[in-house]
Amino acid sequence: MTTGITVMSGELGDIFWDLAPWITYEPGYDLGCSIYVANPTDTEKEYALMSRLSQTDAVISEEVLPVFGHSWFKVEPGDFVRLRGALRFAESDGDLAILLIERETEEVADSVVTVLVSRRLLEFYHRPGRAIQGHRGQPASTGAWCWP
């Protein structure tokens with residue numbers, strides 16, 4: 000029996016990062032992260048990173064992220080690169096996706112996504128007098144998220 004979960008399953012490339020599935024984000028501030036791009040093939044590949052911020056079905060912003068000052072960067076066969084940087088947006092309360100584009104095919108090889116949640120939206124769901132419970136019923140930290 001197989002679980003259907005595989006690591007490094009992309010045929011053209013894989014992308015990972017150190018951000019949680021959702022984070023509190025206030026527009027205009029830097030959002031630091033590390034992005035890992037892996038080349039699972041046996042040939043050198045060139046990739047580009049594209050950030051896409053969207054709300055519901057509307058794309059708010061989409062732009063290529065420069066890596067080492069260029070749009071495209073190379074990854075050796077069977078190797079990976081770790082990229083450190085920061086993103087900044089004028090909006091929040093949406094989905095932030097980083098798309099890994101493979102140059103030869105110009106296809107999206109892989110992507111990662113997190114939800115950016117503003118403090119305003121967080122406070123809307125954290126109404127006064129209502130306890131937010133964390134793991135195992137313990138009170139959550141002030142940065143915790145809980146749907147009503």
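Residue 86 in numbering that gives the first Met the number 0 sits at position 87 of the sequence shown; the count goes up by one each step and never skips.
Ideal Cβ placement from N, Cα and C applies to all residues, glycine included.
- By the Cβ-count criterion, Y24 is buried, with 16 or more other Cβ atoms from all chains shown falling within 10 Å of its own Cβ.
- A residue is called buried once 16 or more other Cβ atoms fall within 10 Å of its Cβ, and Y28, having fewer, is exposed.
- Contact annotation: W16 and I97 have beta-carbon atoms nearer than 8 Å.
- Using a 10 angstroms sphere on the CB of A85, the tally of other CB atoms stays under 16, which defines it as exposed.
- The alpha-carbon separation between R102 and R118 amounts to approximately 38 Å.
- Under DSSP, Y24 takes part in no beta bridge, so it has no partner.
- Taken in chain order, the whole beta strand (DSSP E) runs of length 3 or more contained in the region 39-111 are 44-54, 57-64, 72-74, 79-87, 93-101.
- For A19, there is no enclosing beta strand (DSSP E), as DSSP marks it with neither H nor E.
- Judged by DSSP secondary structure, G31 falls within the beta strand (DSSP E) whose first and last residues are 29-37.
- One alpha carbon belongs to D109, the other to I100, and they sit about 8 Å apart.
- In this structure P39 touches G12 by the C-beta definition: roughly 7 Å separates them, less than 8 Å.
- Nearest to T104 by C-alpha distance, out of E90, V111, R83, A47, is A47.
- The shortest CA-to-CA distance from E90 to any of L115, R83, V36, A37 is the one to L115.
- Pairing E106 with G93, the inter-Cα distance amounts to about 24 Å.
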